[in-house]
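When we follow our numbering, the leftmost residue of the sequence shown carries the number 7, and every step to the right adds one. Think of the CB as a built atom: it goes at the ideal place given N, C-alpha and C, for glycine as much as any other residue. Note that this is a predicted model, so its numbers are computed, not measured. Read through the structure below, which is laid out as structure tokens, and then see the notes.
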Amino acid sequence: MLDGKTILITGASSGIGAAAARLLAGAGANLMLAARREDRLEQVRASLPDAAGRISLFVGDVDDPTFSESSVKATLDAFGGLDGAFNNAGMLGDMGPVPEMSLETWNQVLATNLNSAFLAAKYQIPAMKARGGGSIVFTSSFVGYTIGIPGMAAYAAAKAGLIGLTQVLAVECGEDNIRVNALLPGGTKTEMAGDDPAFHEYVAGLHALKRMAEPEEIAQAAAFLLSDAGSFVTGSAMLCDGGNSISKT
């Protein structure tokens with residue numbers, strides 16, 4: 007259901023983004039892989055030898071106000087159109103109580119996680135409209151939606167804001183056959199989660215499944231939302247959280 011479709015993935019150099027690249031490439035999609043680290047993007051592309059001709063790279067930072075416009079233009083130049091976007095890049099930021107949080111930290115976390123999503127939609131929507139439709143997926147979080155975690159105010163505010171943005175965009179874009187959804191992963195084994203076994207054990211215990219997700223599991227959910235399999239799903243905050251939101255043990 008993604009064969010021949012063109013998908014833009016941000017945060018594609020590692021974790022969930024890289025897993026999505028592998029999955030979507032295997033499904034026959036053309037991919038624009040975007041991230042800050044060119045060497046890591048090259049490694050991801052090299053891991054997809056059978057799809058090398060269908061993979062292009064865009065190096066840039068979603069914090070840069072020109073990133074979204076430029077990445078969409080690069081996608082159109084490379085493949086002639088845009089059918090879907092997995093806006094996955096994000097950051098946790100420095101954690102701490104609000105009275106001790108700097109305005110710089112607050113602004114940086116919102117710029118990376120929320121402002122970038124607004125800019126992504128601003129330029130991705132016209133490209134998809136010209137294509138006759140498409141699908142936009144934002145990586146949000148259960149943090150700020152089903153639970154609050156001390157020290158994560160900026161992250162929670164940004165990720166909750168993504169859900170509000172998703173709902174409005176879904177209504178605005180529905181008549182143009184553009185679906186917009188937020189994907190809410192649970193704790194996932196990525197670089198953001200670090201490599202402390204004790205922390206991983208704690209996080210795993212928050213989930214009904216008593217484990218953390220593999221990046222490939224979250225990528226499967228993103229692929230569903232991007233593909234025609236999710237053709238009647240829009241405006242949703244789709245939990246893929248291993249039961250985190252309903253587990254109180």
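Three-state secondary structure assigned by DSSP to residue i
i	result
Ala-71	First, the amino acid is wrong: residue 71 is Pro here, not Ala. If DSSP states are grouped into helix, strand and coil, Pro-71 belongs with coil.
Met-158	coil
Phe-92	strand
Met-97	coil
Phe-64	strand
Met-7	coil
Pro-105	helix
Thr-194	strand
Leu-215	coil
Leu-232	helix
Val-186	strand
With 16 other Cβ atoms within 10 Å as the buried cut-off, status of residue i
i	result
Tyr-208	exposed
Gln-130	buried
Ala-136	exposed
Phe-238	exposed
Thr-145	buried
Gly-211	exposed
Asp-83	exposed
Val-177	exposed
Lys-282	Residue 282 lies beyond the stretch modelled for the chain, which goes from 7 to 255, so this question has no answer here.
Integer Cβ distance of residue i from residue j, believed to fall under 8 Å
i	j	result
Ala-40	Ala-18	6 Å
Gly-193	Met-218	5 Å
Starting from the N-terminal side, write out each stretch of the beta strand (DSSP E) that is 3 residues or longer and does not extend beyond the region 126-182. Those beta strand (DSSP E) runs which fall completely within the region 126-182 and span 3+ residues are 140-145.
Kindly provide the ranges of any beta strand (DSSP E) runs that are 3 or more residues long and lie completely inside the region 10-49, ordered along the chain. List check, beta strand (DSSP E) in window: 12-16 and 36-41.
Within the chosen definition, does the region 182-195 reach the region 164-174 through at least 3 CB pairs nearer than 8 Å? Put simply, the region 182-195 touches the region 164-174. At least three CB pairs are less than 8 Å apart.
Are the region 63-76 and the region 113-127 touching by the rule of at least three beta carbon pairs closer than 8 Å? Enough Cβ pairs lie closer than 8 Å, so yes.
Stretch-stretch touch, CB-based, cutoff 8 Å, three pairs: the region 8-24 with the region 82-101: At 8 Å Cβ cutoff, the stretches touch.
I'd like to know if the region 108-117 and the region 161-170 are in contact, where contact means that at least 3 CB-CB pairs between them fall below 8 Å. At 8 Å Cβ cutoff, the stretches touch.
So does the region 148-155 actually touch the region 196-205, counting three or more Cβ pairs closer than 8 Å? Output reads no: the region 196-205 does not touch the region 148-155.
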